[in-house]
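K.L.:
Input: one structure, supplied below.
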Amino acid sequence: MTDTRADPSNCSLFFDCDVHKSCPNGFLFDSECGFCDVARKVNCSIKQDLTI
Numbered sequence: 001m002t003d004t005r006a007d008p009s010n011c012s013l014f015f016d017c018d019v020h021k022s023c024p025n026g027f028l029f030d031s032e033c034g035f036c037d038v039a040r041k042v043n044c045s046i047k048q049d050l051t052i
């Protein structure tokens, strides 16, 4: 199993082991599921601008 975890300062970023990765535009990392999902489905406590 890989070590995938959310970036604590940005919901659209995450760590896959030690590699810092980003979700596609309009997606956020869902730490409960361990993958990027559409922003409206993800509970993110960090306020950020998702406009493109």
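Here the sequence shown is numbered in UniProt numbering, starting from 1 and rising by one per residue. For each residue, glycine too, the CB sits at the ideal point set by N, CA and C.
1. Assuming valine 19 is part of the beta strand (DSSP E), what are its boundary residues?
2. Specify, as a first and last residue, the run of the beta strand (DSSP E) that valine 38 falls within.
3. Near leucine 28, what residues of its chain come up, given a Cβ to Cβ distance below 6 Å and the 5 sequence neighbours on each side ignored?
4. Please report how far the alpha carbon of cysteine 23 lies from the alpha carbon of serine 9, in whole angstroms.
5. Buried or exposed for isoleucine 52, going by 16 or more other Cβ atoms inside 10 Å?
P.N.:
Taking the coordinates as given:
1. Boundaries of the beta strand (DSSP E) around valine 19: 19-22.
2. Where valine 38 is concerned, the enclosing beta strand (DSSP E) stretches over 35-38.
3. By the criterion of a C-beta distance shorter than 6 Å, leucine 28 is surrounded in its chain by Cys11, Ser12, Ala39, Val42 and Cys44, once the five residues flanking it on both sides are discounted.
4. Pairing cysteine 23 with serine 9, the inter-Cα distance amounts to about 14 Å.
5. Bear in mind that the predicted position of isoleucine 52 carries a pLDDT of just 49, short of 50, making it unreliable; the figure below should be weighed with that in mind. Here isoleucine 52 is exposed: its Cβ has fewer than 16 other Cβ atoms, across all protein chains shown, within 10 Å.
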